[in-house]
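Every letter in the sequence shown is one number past the one before it in the UniProt record's numbering, and letter 126, counting from 1, is 126.
We put the CB at the ideal spot given by N, CA and C, even for glycine.
Note that the structure is predicted; figures quoted are calculated from it, not measured.
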Amino acid sequence: ARFAAAGYTVPETWDDLLALSDTMIADGNTPWCVGIESGGATGWTFTDWVEDLTLRFEGPEYYDQWVGHTIPFNNPKMATIWQTVLDLWNTPGAVFANSGSIAATSFGDNGQPLVDGKCFMHRQASFYSAFLPEGTPAADGSEGAVDVFYFPAVGDDKPVLGAGTLVSAFRDAPEVWAVMEYFASADYADARQRFQALGKGAAVTEGVLSGFLSPNVNADLSLYAPLEQSFLDILNTADVVRFDGSDLMPSEVGAGTFWTEGTSAVNGDKTIQEALDAIEASWP
């Protein structure tokens, strides 16, 4: 509703997104809410931005090489991607940081400013709906509802960055594999949604926010709340899907130097190249 009231349209390309940000700034509005503080995991939000842009600018083949370290972490293309993120964040008027700086603002503290109109956009994972103020309408067409759009691509393809919970088997037996197959089925996804609806006091046919998105394209979308229906539509229509890169890297990097060195670059304590070189040196 705020987009329409201000005369803004949803961007379809990366260039459209940059142009929209510039227009918002020129209008006296703040495009983005950004925060990367997360205690001992500070910096992971920055890594998600890097991964999203890597997949969009360089494609899945490069992404896989980078994640698998068949090319150095500190290669020139990665420096360009980091610079692209920081150029956007450091544009005067582009970012509202609730605690005064991006690195000091908790990633979870952007829900309220978004609802309060202190920014127009916030890039986050689908689980972030749990961080919106209680009672916030979401993607239901009502006045003041928070909505979602696909983070724009650079080319003609439609890549999506994802993460998730994995189910593992520790015994090779028919009954074990039967359970594994059931967990991946549309029947399980639908049953879980109905159960969670009952747990929330809703009718089993009423869409609810569950925080669980099934990758099964045959899941009944009507059992999900409108916001999660939007998430699933993005996931189900993706041309390319890749798992979160830092989650796939050795923990020393993906849950270590990628976070800390990224934060140093965001703060300006290190140059991008210094941060990338430190990450490369830390790879086991």
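Would you grab the beta carbon distance between residue i and residue j for me? Rounded to a whole angstrom, and I think it's under 8 Å.
i, j, result
"Gly43", "Trp259", "3 Å"
"Ala138", "Ala130", "Actually they are not in contact, since the Cβ atoms of Ala138 and Ala130 sit about 11 Å apart, beyond 8 Å."
"Leu276", "Asn74", "4 Å"
"Gly135", "Val241", "That belief does not hold up - the Cβ atoms of Gly135 and Val241 are roughly 33 Å apart, past 8 Å."
"Asp157", "Asp239", "4 Å"
"Pro159", "Arg56", "6 Å"
"Ala225", "Gly201", "That pair is no contact at about 14 Å."
"Ile234", "Tyr182", "About 26 Å; that fails the 8 Å criterion."
As a quick exercise: from the options, pick the residue whose alpha carbon is nearest that of residue i.
i, options, result
"Asp140", "Tyr128, Gln196, Ser230 and Tyr182", "Ser230"
"Pro133", "Ser142, Met121 and Asp116", "Asp116"
"Asn236", "Ser214, Met249 and Pro250", "Ser214"
"Met78", "Ala4, Tyr62 and Gly211", "Tyr62"
"Ala26", "Gly93, Asn110, Tyr188 and Asp156", "Gly93"
"Asp87", "Ala281, Gly108, Leu53 and Asp190", "Leu53"
"Ala189", "Glu280, Gly211 and Val148", "Gly211"
"Ala5", "Ala125, Glu143, Thr80 and Ile234", "Glu143"
"Glu261", "Asn216, Ile279, Gly199 and Tyr128", "Ile279"
Is the beta carbon of residue j closer than 8 Å to that of residue i?
i, j, result
"Trp49", "Ala153", "no"
"Ala169", "Trp177", "yes"
"Thr23", "Phe96", "no"
"Trp66", "Gly254", "no"
"Thr47", "Gly35", "no"
"Leu221", "Leu232", "yes"
"Ala265", "Trp82", "yes"
"Ser38", "Phe107", "yes"
"Cys33", "Leu166", "no"
"Val148", "Leu227", "yes"
"Thr263", "Ala19", "no"
"Ala184", "Asn216", "yes"
Determine the extent of the beta strand (DSSP E) in which residue i is found, giving its start and end residues.
i, result
"Val160", "Pro159 to Gly162"
For the alpha helix (DSSP H) that residue i lies in, which residues bound it at each end?
i, result
"Phe183", "Pro174 to Phe183"
"Val85", "Pro76 to Trp89"
"Phe195", "Ala186 to Gly199"
"Arg242", "Premise fails: Arg242 lies in the beta strand (DSSP E), Val240 to Phe243, not in any alpha helix (DSSP H)."
"Ala134", "Correcting the residue type first, residue 134 is Glu in the shown sequence and not Ala. Neither: Glu134 is in no alpha helix (DSSP H) and is coded neither H nor E."
"Gly59", "Trp44 to Gly68"
"Gly262", "Phe258 to Asn267"
"Phe170", "Note, Phe170: premise wrong, no alpha helix (DSSP H); not H, not E."
"Val115", "Gly111 to Asp116"
Taking DSSP's pairing of strands, which residues face residue i in a bridge?
i, result
"Arg123", "Answer is none; Arg123 lacks a bridge partner."
"Thr13", "Ala153"
"Trp32", "Val95 and Met121"
"Val253", "Note: Val253 sits in no beta bridge, so no partner."
Does residue i have its Cβ less than 8 Å from a Cβ in chain C?
i, result
"Leu114", "The structure shown contains no chain C, having only a single protein chain."
Between residue i and the ligand NAP, is the CB less than 7 Å from at least one heavy atom?
i, result
"Gly68", "Only the bare structure without any ligand can be found here, which leaves the ligand NAP out of the picture."
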